Amino acid sequence: MEDHATEMELWKKRSIYRIPSQVTDANMEAYKPHVASFGPYHHGEHHLRPMEDHKQRALLHFLRRSGKRVEFYVDALANVLQDLKDAYDQLDIRWQEDERAFLQLMLLDGCFILEIMQTTVPPSLSSHSLDIRWQDNDYAPNDPIFSAHGKLHIMPLLRSDMLLIGFFFSLLPFLG
Numbered sequence: 088m089e090d091h092a093t094e095m096e097l098w099k100k101r102s103i104y105r106i107p108s109q110v111t112d113a114n115m116e117a118y119k120p121h122v123a124s125f126g127p128y129h130h131g132e133h134h135l136r137p138m139e140d141h142k143q144r145a146l147l148h149f150l151r152r153s154g155k156r157v158e159f160y161v162d163a164l165a166n167v168l169q170d171l172k173d174a175y176d177q178l179d180i181r182w183q184e185d186e187r188a189f190l191q192l193m194l195l196d197g198c199f200i201l202e203i204m205q206t207t208v209p210p211s212l213s214s215h216s217l218d219i220r221w222q223d224n225d226y227a228p229n230d231p232i233f234s235a236h237g238k239l240h241i242m243p244l245l246r247s248d249m250l251l252i253g254f255f256f257s258l259l260p261f262l263g
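Take the sequence shown: its letters are residues 88 to 263, numbered as in my numbering.
Structure representation (structure tokens):
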């Protein structure tokens, strides 16, 4: 067993927790994402898979606007890999062992969150922190997620899933 100091240090790093079954058993649906997984805990669940294609599209839009290749961002995230892993309580062995897959998941979900933010935050608020080129909505007018219709009907569900998982808040230190 780890010594007390090591245990205390490890728990200081945790910011995303699995909710104990004693809590979730009372109302399982209240603790499950409805349209998208953010982070590793619910990744791959059948009912969330349809959103994965939209995440990939969002990543492509992000990369096109940034002018950088995906490897640039994966390499940057690799510098904080252990911090990202340590943020998760009870991280599955799959994600512990397959570092490349974990980094790609962090990038995919992180870029999806950034795309959600840049298309839903009013320009007057976001222009202070984001380069002006990020303000251009380069999605099709009938895009199922990033159009006016998507913002009205899908974005509230996505924001709810983001808050439920707590992923958004755990990423903030790494965005600065």
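All C-beta atoms, glycine included, are put in the ideal place defined by N, C-alpha and C.
Nothing here was measured: the structure is a model prediction, and the numbers come from that model.
Would DSSP call I203 helix, strand or coil?
In this structure, I203 counts as helix in the three-state DSSP scheme.
CA-CA distance, M155 and F149?
Checking the sequence shown, residue 155 turns out to be Lys, not Met. Spanning the two alpha carbons is a distance of roughly 9 Å.
Can you grab the Cα-Cα spacing for the pair D331 / T207, in whole Å?
Nothing in the structure corresponds to residue 331, since the chain is present only between 88 and 263.
Grab the span of the alpha helix (DSSP H) containing D140 for me, first residue to last.
First-last of the alpha helix (DSSP H) with D140: P137 to S153.
Tell me whether the stretch 233-248 and the stretch 117-128 touch, counting them as touching only if at least three CB pairs, one residue from each stretch, are closer than 8 Å.
Segments in contact, yes.
Going by CA-CA distance only, name the one from L168, H236, L244 and Q205 that's closest to D225.
Of the listed residues, the one whose Cα sits closest to D225 is Q205.
State the DSSP-derived secondary structure class of Y175, mapped to helix, strand or coil.
Residue state, collapsed to three classes: strand.
What is the DSSP secondary structure of I241, counted as helix, strand or coil?
Here I241 sits in coil by DSSP.
Do L190 and V161 come within 8 Å of each other at the CB atom, strictly closer than that value?
For V161 and L190, yes; Cβs fall inside 8 Å.
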